[in-house]
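Take a look at the structure set out below.
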Amino acid sequence: MKVQGFTIADATFERSPGFDGEVFAGNLVDERHGGAITVGYGRYGPNESLPETLAVDDVMIVLEGRLTVTSGAGTVTAGPGGIIYMPRGEQVTIRSHDEGAVTAYVTHPHWREARN
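UniProt numbering numbers the first residue of the sequence shown as 1 and each following residue consecutively.
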């Protein structure tokens with residue numbers, strides 16, 4: 001791998017696997033590129049709720065809108081510039097608000113491999 005820079009325009013978004021709502025992920029670096037981590041952008045429609053048991057360590061940086069993550073440990077809400085860390089194995093519900101949200105994310109290991 002080489003040093004690279006990305007913008008959201010570089011992402012090709014796919015619906016979040018196993019979810020019918022308006023939640024999309026656009027990987028820019030993952031196992032297909034030889035990286036050790038997955039890096040990409042996420043897009044959440046208004047008022048979406050995504051329950052998930054995390055198969056990876058996940059970091060989300062909120063770029064637009066707001067997200068609330070609820071787990072057994074409590075609730076965290078972040079807006080633009082906020083960072084949310086979710087550890088592997090945690091049961092969470094990720095909820096967007098009226099305006100939806102755009103995030104950048106980093107996972108370890110690769111989320112696509114961990115889901116299979």
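Yeah, the Cβ is synthetic: ideal placement off N, Cα and C, and Gly gets one too. Keep in mind it's a predicted model, so treat the numbers as computed, not measured.
Check	Outcome
Give the DSSP bridge partners of His108, in chain order.	Asp57
Looking at Gly65: is its Cβ nearer than 9 Å to the Cβ of Glu99?	yes
With DSSP collapsed to three states, give me the class of Arg88.	coil
Give a yes or no on contact between the stretch 67-83 and the stretch 15-27, applying the rule of three or more CB pairs nearer than 8 Å.	no
By DSSP, does Ile94 sit in helix, in strand, or in coil?	strand
Any idea what DSSP makes of Ile8, helix, strand or coil?	helix
Relative to the C-alpha of Ile61, which residue among Met86, Glu48, Gly82, Val69 is closest?	Gly82
For residue 136 and Tyr44, I'd like the C-alpha separation in whole angstroms.	It is not possible to answer for residue 136, since the shown part of the chain is limited to 1 through 116.
Measure from the alpha carbon of Phe13 to the alpha carbon of each residue in Gly89, Tyr41, Asp57, then state which is nearest.	Tyr41
Would you mind giving the Cβ-Cβ distance between Val92 and Glu52, rounded to the nearest angstrom? I have them listed as a contact below 8 Å.	6 Å
Based on the DSSP output, what are the partners of Gly42 in its beta bridges?	Ala25, Thr103
Just to confirm, are Val69 and Ile84 a CB contact at a threshold of 9 Å?	yes
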